[in-house]
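When you line the sequence shown up against mature numbering (1 follows the signal peptide of the UniProt record, and there is no 0), it's residues -19 to -1, 1 to 494, in that order.
For every residue, glycine included, the Cβ atom is placed at its ideal position computed from N, Cα and C.
Reading through the structure tokens given below for one structure.
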Amino acid sequence: MKRLLIPLAAAGLTAAALAAPAAAAPSWVTDPLAPKPADAYSTAKFWLNANGAALRKATQYHWDSKDVTKLVKVSADQPDDGKPGIVAPIGAAKTGGKVKNVNLPRTLGKVFFVDRKGEYRWCSATSIQSRHRNLVATAGHCVYEHGRDVFAKWVFVPGYYQGKAPFGVFSGAYAFTAYDLDTYDDYDGDFAFVAVHNGFSLTGSREVPKGEFTDWAGDKWVEHEEIKEDEYKTGFEKYGAAGPYWSKDFDVTPEKVGHDYKGEKTLTKVEVTEKEYGDAAPSTTANVNGEQYEKVGPTPISKEKYQELTKLKADGKFPGKLHAEVSNGAEIAWYESHYYIKQWVKSGKTVRYFRDHYIIGMAKDAGKLGDAVGGQGIAWNQPTGQPVFVFGYPADPHPDGDKPYTGVTPKYCYGKTGTKTYQVNSFRVETHQALKCSLTGGSDGGPWLLKYNNSKRLGYVNGVTSLFHDQDGNDRVDMISSAYFDGETADVYNKAQYAETKAVVGPKGEILQ
């Protein structure tokens, strides 16, 4: 995994402050997500394009029913890991934007990312107070894929609702998590803090002269308008060959003809589906009056290409055939095949005329995350058995198939955590804190808030939802658990809160470098 070292000067720390005994095991790791504003802009725009189409397409980070475990062993009382500590929450310095349910914390939202398979995913998360007012708290497995590399295109959207980002989109810059989660996939460290850049929102676009378009440092594109010949001639006379008016020869729309057509004709190759091919072709080697039928493949391809084409086929965008070779129950090779019919069509060309329009995309800086929505406090080494509110966007069905949640709106649980910590052997868990709660997958990463003030919508993050459990064996989630926030959690947080991030767009909507 590629590691990122935060410069001491940038972090405001001295070498002595970071010094540790040579034999001491590290407690934290950090990785880059999109440190450069241009990359952060590209990441956020990926999710914002087409009125948030990618946001709406995303599905929850999915927990398989076999991963809904049982807390199998009660451990000793809470870990003895030093003195309790807290950092106070902050309210939002700005107003604006709406949360669907005013009884929910304004800091709550979803994190979106793309996994190794190219799937669009989300988890729950919250803004949290930090030195630079730029920190998000969520589950470690919502940032790190199986304790390895960070997910791609990672963003936080506070107040998210059905493709809308009322406070802007905040691209991740640096991720911080526990060393044991990153190295051993140990869910006792299943938490992460992500320093995010300033948020921004897309505010439309406008047409500009070519010179301004060329100089524009933000998002831009050219739209080609088809026009009539008279308008083309007028524009071309005014602007010349370097202007936005141009023409191009195109083949006419093919008109099928027989092999005995006396006029000019062309044999055109058309790709079809296997069924269409089978219905049309007398045989795979047929050549009937020059109208040929051709099968290409099976051709070996990579597993990644196979997965990409499988998605396209599901969307009706790949007419060919795909298959995988299986040995001992495992896929070991992948292939694609294509089918073509060659058809005689009339030949000819036509001239079409165009005018270019130079468009620049406008964006608006949303400021620092803490200024936009505030930030929850954080607490560590706190006594167990205290009342907490747990918030999140549950979406998964229960193991029995019942699906009471949609993931569209946030939900919450309230109660006292267990007075002891728990073990889950399959996830290397030894010291999770637990709460009776029926929230399902999708709510993972959501905050556990101590001393939650319902009027201020603020409290202290003392955990994030990590795992889901079925204690009574009736195939329904009845308990959730979180890493116990201890001194090592505080250590990771204290490293994360010194990470400095940047504005992504300038006052004119330009991308900053």
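Counted within 10 angstroms of its Cβ, other Cβ atoms place residue i as buried (16 or more) or exposed
i	result
His450	buried
Ala34	exposed
His413	buried
His178	buried
Gln478	buried
Val49	buried
Phe93	buried
Val486	buried
Asp456	exposed
Lys134	buried
Thr482	buried
Lys476	buried
Lys298	exposed
Tyr395	exposed
Leu420	buried
Glu469	buried
Gly192	exposed
Residue interval of the beta strand (DSSP E) (run including residue i)
i	result
Arg37	Taken as a continuous stretch (DSSP letters only), Arg37 belongs to no beta strand (DSSP E), being part of the alpha helix (DSSP H) at 18 to 38.
Gln324	311 to 327
Tyr474	Run containing Tyr474: none in the beta strand (DSSP E); it sits in the alpha helix (DSSP H), 468 to 477.
Gly192	Element bounds for Gly192: not the beta strand (DSSP E) but the alpha helix (DSSP H), 191 to 196.
Val253	246 to 253
residue 500	Look at the range of the chain in this structure, -19 to 494, and you will see that residue 500 is not part of it.
Ser182	180 to 188
Ser463	460 to 464
Tyr374	Run containing Tyr374: none; DSSP gives neither H nor E here.
Ser111	Element bounds for Ser111: n/a, residue is neither H nor E.
Gln404	401 to 405
Asn177	Residue 177 is actually Val in this sequence, not Asn. Here the beta strand (DSSP E) through Val177 covers 173 to 177.
Cys123	No beta strand (DSSP E) holds Cys123; DSSP gives it neither H nor E.
Tyr395	392 to 397
When the options are compared against residue i, the one with the closest alpha-carbon
i	options	result
Val410	Tyr165, Glu317, Glu206, Thr387	Tyr165
Ile109	Lys219, Arg438, Glu204	Arg438
Tyr142	Glu257, Pro281, Gly444, Asn32	Asn32
residue 569	Glu255, Tyr274, Arg336, Ala480	Any property of residue 569 remains undetermined from this structure, which presents the chain solely from -19 to 494.
Gly351	Val389, Tyr125, Gly149, Val49	Gly149
Ala471	Glu491, Ser328, Gly185, Phe157	Phe157
Lys250	Asp383, Phe174, Lys323	Lys323
Gln357	Lys284, Asn443, Ala154	Asn443
Val68	Lys201, Asn362, Phe217	Asn362
Asp230	Pro65, Gly468, Tyr334	Tyr334
Lys284	Lys294, Glu275, Gly297, Glu306	Glu306
Thr184	Tyr441, Leu29, Ala133	Leu29
Ala120	Tyr42, Gly348, Tyr258	Tyr42
Glu206	Pro225, Thr195, Phe299, Thr24	Pro225
Pro16	Ala146, Tyr125, Ser8, Val175	Val175
Ser424	Ser105, Asn115, Val124	Ser105
Ser463	Ile492, Phe372, Pro378, Asn434	Phe372
Gly99	Asp453, Lys292, Lys432	Lys292
Ser318	Asp296, Val253, Val332	Val253
Three-state secondary structure (DSSP) of residue i
i	result
Asp230	strand
Asn455	coil
Leu290	helix
Thr76	Confidence in Thr76 is poor, its pLDDT being 46 and thus under 50, which makes the residue's placement too unreliable to answer from.
Leu(-7)	Note on Leu(-7): pLDDT 35, under 50, position unreliable in the model; no value is reported.
Tyr386	coil
Glu481	coil
His205	strand
Val256	Checking the sequence, you will find Lys at residue 256 rather than Val. Here Lys256 sits in helix by DSSP.
Val49	coil
Val354	helix
Ala295	helix
Gly366	coil
Tyr101	strand
Tyr242	coil
Gly199	coil
For residue i, the first and last residue of its enclosing alpha helix (DSSP H)
i	result
Phe217	210 to 220
Asp337	No alpha helix (DSSP H) holds Asp337; the beta strand (DSSP E) holding it covers 330 to 348.
Gln414	That residue, Gln414, is in no alpha helix (DSSP H); its beta strand (DSSP E) goes 410 to 417.
Leu162	160 to 165
Counterpart residues of residue i in DSSP-defined beta bridges
i	result
Pro428	Val445
Pro139	Gly90
Pro281	Tyr316
Leu303	Glu317
Trp361	Gly66
Lys276	Tyr320
Ser308	Ala311
Gln494	BP columns for Gln494 are empty, so no partner.
Phe148	According to DSSP, Phe148 bridges with nothing at all.
Trp44	None; Trp44 has no bridge partner.
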